[in-house]
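Going by the working numbering, the sequence shown opens with residue 24, and the numbers climb by one from there. Ideal placement from N, C-alpha and C gives every residue a C-beta, glycine not left out.
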Amino acid sequence: MEHESFRDHLSTVTQEGKRIWVYPKRQKGRFYTARTVFSFFLLAFLFLTPWIKIDSHPFMLFNVFERKFIVLGLAFGPQDFYIFALGFVTLVVFVVLFTAVFGRIFCGWACPQTVFMEMVFRKIEYFIEGDAAQQRFLDKAPFDSSKLLKKGLKHFIFFGIALLIGNTFMAYIVGIDETLHMVSFPPTDHLTGFVSVIVFSLIFYFVFSKFREQACTIVCPYGRLQGVLLDPNTVVVAYDNVRGEPRGRTEKATPEKNGDCIDCHLCVAVCPTGIDIRNGTQLECVNCTSCIDACDSIMDKVEKPRGLIRYASMKGIKDKVKFKVTPRIILYSVLLVILLSIFTTLLLSREDVKVNVLRAPGKLFQEMPEGKISNLYHVKLVNNTFGDIPVEVKINNPDAEFKLIGKDISLPSLDVRDAEFMILFSKDKIKSTVMQLNIQIYANGKIVNDIKTTFIGPPKN
Ligand code: SF4
Ligand code: SF4
């Protein structure tokens, strides 16, 4: 663009640093309808998931306090940290690749901030206060009973929804049963949980009633990354300046002088982040598609083809070429496939019970009473299931004596346990200094591991 001064400041902040409140005009159109339908499914998924149980266990749980996680019915504990770490790296690569190709499509269609703001809170606001012009008027009007009623009702509903989100958030962390228990008993019975829900809810209320688009333009790290992730081949919500310029009102006398943009400003009026997409791709644009719908409606009226604002790459608009696969996209895709393969292999090869037996460091053997020799072993057990598991250790040598140090080895659900045991042999049964042994670990009566190890006795003369 020739003049880029709009990039020096945020469209929602004055030169003096004061907030400019955005009153986006009510939207309608095919993209808005599609987003409404899609949001309905996303919201249903968000609110219903904590209620879904498989074999009486949650379908999803992120209990950071007890370090127990359930994703799509699969249980994970702290021992699975490496899977989470790899999953996180895979997600980052996916986001980078996806953004490089499709820009901020996630922001417009699936980001909880946009979905809640545009599809829940904004719709309620339109319903109670009316469209942009009426909202502006109401905000400027003195506080009378009508204004008090509208504002009071709006904020009451907003806080109610924020409470619902706060409780749902809690249900993802501690489970739906615990959350229902918390809401059914006085706050003093579960003060920490109560305070947490209120804090979550107040944050959500503040974000959706006051902070709004600032969350995307000032706080969101994903938005900040756009500068490095987007390139001229990235598909974004873009204004076709080749077709649209020079913009101007339709002059009946000299229509050939103007491009297709009639400079009606409707695309600006509907923008929830208060920008003018005709200036080019901007950090503030969350790709919500409102300007596409708005401009399409104008194009229909002036009988020009739709798509003056559309999903397109800047290069595609300039050169009038279609989407192109760049070396960067190929590189990201290869990396993503490799990471996804490793991640899936790790996930599928995860055992329900993992056992590792090692000889304890230090003394090789110990002389015991009654002419016996002992070796000390260390066992690490991981339970990746929902149930507690009783564990049994057997040795494949009838002369060996097994002695557990401490109580029985039982393995609580989604936990890691360390235990120690001794293997003892009478001196006369020790055939060589180093004897091969097989240690079998049984969990719930089933063999889960057959480990080869050694028993070290005193040197033979
Ligand atoms: S410029 Fe268009 S797509 Fe971007 S935020 Fe504004 S209305 Fe949404
Ligand atoms: S809505 Fe379309 S025609 Fe109107 S100003 Fe925006 S780009 Fe131009």
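With DSSP collapsed to three states, give me the class of residue i.
i: Ile285; result: coil
i: Pro481; result: coil
i: Glu25; result: Note that Glu25 scores a pLDDT of 46, beneath 50, so its modelled location is shaky; the value from the coordinates is reported in the next line. Coil at Glu25, not helix or strand.
i: Asp375; result: coil
i: Lys417; result: strand
i: Thr122; result: helix
i: Lys280; result: helix
i: Glu390; result: strand
i: Arg382; result: strand
i: Asn406; result: strand
i: Lys343; result: coil
Tell me whether the beta-carbon of residue i lies closer than 8 Å to the beta-carbon of residue j.
i: Phe388; j: Ile479; result: yes
i: Gln136; j: Asp316; result: no
i: Lys403; j: Val439; result: yes
i: Ser436; j: Val414; result: no
i: Ala383; j: Tyr355; result: no
i: Ile361; j: Leu109; result: no
i: Ile340; j: Asp254; result: no
i: Phe448; j: Leu427; result: no
i: Val107; j: Phe99; result: The sequence shown places Phe at residue 107, rather than the Val named in the question. The answer is yes: Cβ separation under 8 Å.
i: Pro295; j: Glu148; result: no
i: Ile321; j: Cys287; result: yes
i: Cys314; j: Val348; result: no
i: Ile470; j: Val416; result: no
i: Lys76; j: Asp154; result: no
i: Asp319; j: Gly52; result: yes
List the DSSP bridge partners of residue i.
i: Asp489; result: The structure shown does not extend to residue 489, since the chain is modelled only from 24 to 484, so the question has no answer here.
i: Tyr55; result: Its beta-bridge partners do not exist; DSSP assigns none.
i: Tyr355; result: Answer by DSSP bridge pairing: none, since Tyr355 is not bridged.
i: Met445; result: Leu399, Lys426
i: Pro269; result: Pro269 pairs with nothing; no bridge assigned.
i: Ala335; result: Val259
Leaving out the 5 sequence neighbours to the left and right, which residues in its chain are closer than 7 Å to residue i when beta-carbon positions are compared?
i: Met24; result: Reliability of the predicted coordinates at Met24 is poor, the pLDDT of 46 falling under 50, and no value is obtained from them.
i: Thr56; result: none
i: Phe85; result: Phe92, Tyr195, Ile196
i: Gln249; result: Arg127, Leu306
i: Tyr334; result: Val258, Val260
i: Thr202; result: Asn190, Met193, Ala194
i: Phe227; result: Ala185, Ile188, Gly189
Give every residue of the same chain whose Cβ lies closer than 6 Å to the Cβ of residue i, excluding the five residues on either side of it in the sequence, and list them in chain order.
i: Asn472; result: Val378, Ile464
i: Pro482; result: Thr456
Note down, in chain order, each residue of its chain lying with its Cβ closer than 8 Å to the Cβ of residue i, except the 5 sequence neighbours on either side.
i: Ile43; result: Ser34, Thr35, Val36, Thr37, Gly297
i: Gly198; result: Pro73, Pro81, Leu84, Asn86
i: Ile23; result: Outside the displayed span of the chain (24 to 484) sits residue 23, for which this structure offers no information.
Just checking residue i against ligand 3 - is the residue's beta carbon closer than 7 Å to any of the ligand's heavy atoms?
i: Ala317; result: Annotation note on ligand 3: not contained in the displayed structure, which lists ligand 1 and ligand 2 as its ligands.
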